[in-house]
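Protein chains: 2
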Amino acid sequence: MNQVARTTTAEAEIELGSLSGSLGFLLRLAQVRVFDAFFEDLAGEGIKPGEFTLLWVLSLNGSLAQGSLARVLSIKPAHMTKLVSRLVKAGLVQRAPSREDRRVVDLSLTPEGTDFVARHKPAFMAFHTRERDLLSPEDFDALTGLLRRFTGLEKEDTCR
Amino acid sequence: MNQVARTTTAEAEIELGSLSGSLGFLLRLAQVRVFDAFFEDLAGEGIKPGEFTLLWVLSLNGSLAQGSLARVLSIKPAHMTKLVSRLVKAGLVQRAPSREDRRVVDLSLTPEGTDFVARHKPAFMAFHTRERDLLSPEDFDALTGLLRRFTGLEKEDTCR
DNA sequence: ACAAAATAGTTTACGCGGAAATGTTTTCCA
DNA sequence: TGGAAAACATTTCCGCGTAAACTATTTTGT
């Protein structure tokens with residue numbers, strides 16, 4: 001677990017120099033913090049962030065090519081194979097060779113996978129609202145907005 | 161047919177649902193992006209972010225207890241031991257049992273370590289300025305400011 | 001048409017990072 | 001004071017994630 005800074009006197013005064021303005025360093029610290037919050041909430045559920053994200057996106061899109069999903073989630077192909085294999089073994093996801101291009105593998109949820117997502121959706125949404133509580137509402141919106149722009153996810157208008 | 165008819169063109173329109181507002185998801189994407197930028201710049205230098213961060217902080221503080229350094233950088237003790245061992249083996253860092261408390265290990269740079277940091281400081285600073293170019297200046301400052309507050313690194317007020 | 005290049009996914013081998021258990025030293029307090 | 005509890009580092013074991021090499025398909029160039 002992440003120790004709450006039992007800040008001995010010297011520890012608070014450690015000089016970080018330009019590190020404290022480094023985006024990479026700050027992003028890492030922030031991610032560690034969110035990760036801790038995730039497991040505080042969902043430790044007992046047997047869910048891991050990456051796995052549930054994959055199931056979630058599949059549940060929203062029905063069926064997707066494995067490669068497309070990998071690119072959208074910034075998951076490398078090698079890792080994707082293992083991630084999907086785990087979920088297939090768990091009976092939540094099924095692979096099917098695409099009929100249009102026999103190189104690609106189409107992924108979709110099994111009935112069990114659909115049920116799994118439905119069962120855990122409340123905890124997932126609860127975590128999102130809990131994320132918000134780590135900052136003031138306006139700071140949270142500002143932060144996610146900047147991150148969306150930074151990551152190129154600024155697709156604000158859904159096809160309308 | 162529905163949205164899946166053509167997976168190649170559908171990639172930009174994959175539905176992410178509440179994921180696109182999830183802080184954890186966005187932080188992960190952002191970190192991947194910064195990580196890529198780091199290796200674009202410093203691939204040939206044989207530097208890895210975590211290792212150089214450790215050397216950097218040591219160079220600014222002279223000597224630190226291993227545990228303090230771990231807490232400040234949010235590195236788990238188990239990982240810290242391995243990280244330090246690598247740097248000791250590389251001749252850049254030296255361990256010394258603390259005189260005051262023989263449980264703690266004090267870390268400091270070797271002369272070679274000091275020289276290493278000095279040699280690579282320009283590339284390190286260049287990467288920081290390059291990080292800034294991934295966003296507009298005001299967005300960058302806003303983002304890092306919010307992250308500092310979020311991570312509890314709010315060392316002082318960002319005089320408003 | 002057909003060899004060369006490109007693309008999708010898998011396999012293999014390895015490094016990063018963490019949890020739990022261990023050994024040692026220090027602190028606490030009865 | 002002496003023994004239990006805590007703190008620090010390390011070791012062992014395991015999962016996450018990537019790079020590089022490989023197989024199988026499709027596309028492309030001539």
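These protein sequences, in sequence, are chains A and B.
Numbers 1 to 160, taken from the working numbering, label the letters of the first sequence in order.
Numbers 161 to 320, taken from the working numbering, label the letters of the second sequence in order.
From the three backbone atoms N, C-alpha and C, an ideal C-beta is built for every residue, glycine too.
Coil, strand or helix - residue i by DSSP
i: Leu54(A); result: helix
i: Asn162(B); result: Its pLDDT being 32, under 50, Asn162(B) is placed unreliably by the model, and nothing is read from it.
i: Ser63(A); result: strand
i: Asp275(B); result: helix
i: Leu107(A); result: strand
i: Ala96(A); result: strand
i: Ser296(B); result: coil
i: Leu153(A); result: coil
i: Cys319(B); result: Note that Cys319(B) scores a pLDDT of 39, beneath 50, so its modelled location is shaky; the value from the coordinates is reported in the next line. Correct three-state label for Cys319(B): coil.
i: Glu200(B); result: helix
i: Arg102(A); result: coil
i: Thr9(A); result: Residue placement at Thr9(A) is flagged as unreliable, the pLDDT there being 41, under the threshold of 50; the coordinate-derived value follows with that caveat. Coil at Thr9(A), not helix or strand.
i: Leu16(A); result: coil
i: Gly46(A); result: coil
i: Ser182(B); result: coil
i: Ala90(A); result: coil
Within 8 Å, strictly: CB atoms of residue i and residue j
i: Leu55(A); j: Leu107(A); result: no
i: Asp139(A); j: Leu307(B); result: no
i: Phe310(B); j: Leu143(A); result: yes
i: Leu175(A); j: Phe127(A); result: Here chain A comprises residues numbered 1 to 160, so residue 175(A) is not present and cannot be evaluated.
i: Leu64(A); j: Ile75(A); result: no
i: Leu153(A); j: Ser180(B); result: yes
i: Gly67(A); j: Pro77(A); result: yes
Check: residue i C-beta below 7 Å from any heavy atom of the ligand GDP
i: Ile207(B); result: You won't find the ligand GDP in this model; it holds no ligand whatsoever.
C-alpha gap between residue i and residue j, whole angstroms
i: Phe212(B); j: Phe276(B); result: 10 Å
i: Gln254(B); j: Leu218(B); result: 11 Å
i: Arg6(A); j: Glu112(A); result: Residue confidence for Arg6(A) is low, a pLDDT of 35 falling below 50, so the modelled location carries little weight; the figure read from the coordinates is stated next. Going from the Cα of Arg6(A) to the Cα of Glu112(A) covers about 45 Å.
i: Ile47(A); j: Arg86(A); result: 13 Å
i: Pro209(B); j: Leu233(B); result: 12 Å
i: His185(A); j: Pro97(A); result: Beyond the ends of chain A as shown, which are 1 and 160, falls residue 185(A); an answer cannot be given.
i: Thr274(B); j: His280(B); result: 10 Å
i: Arg132(A); j: Gly251(B); result: 45 Å
i: Leu220(B); j: Thr241(B); result: 20 Å
i: Ala200(B); j: Ser18(A); result: Position check: residue 200(B) holds Glu in this sequence, whereas Ala was assumed. Looking at the two C-alpha atoms, the distance is approximately 20 Å.
i: Arg231(B); j: Phe38(A); result: 20 Å
i: Val265(B); j: Arg290(B); result: 35 Å
i: Thr124(A); j: Ala118(A); result: It should be noted that the sequence gives Phe, not Thr, for residue 124(A). Computed Cα separation, rounded: 10 Å.
i: Pro137(A); j: Pro297(B); result: 23 Å
i: Pro122(A); j: Leu229(B); result: 38 Å
i: Asp141(A); j: Asp301(B); result: 16 Å
i: Val248(B); j: Val88(A); result: 43 Å
query = Is it a yes or a no for the stretch 261 to 273 of chain B touching the stretch 172 to 185 of chain B, going by three-plus beta-carbon pairs under 8 Å?
reply = No, the stretch 261 to 273 of chain B is not in contact with the stretch 172 to 185 of chain B.
message = Measuring CB atoms only, is the stretch 17 to 26 of chain A touching the stretch 181 to 195 of chain B, in the sense that at least three cross pairs come out at less than 8 Å?
response = yes
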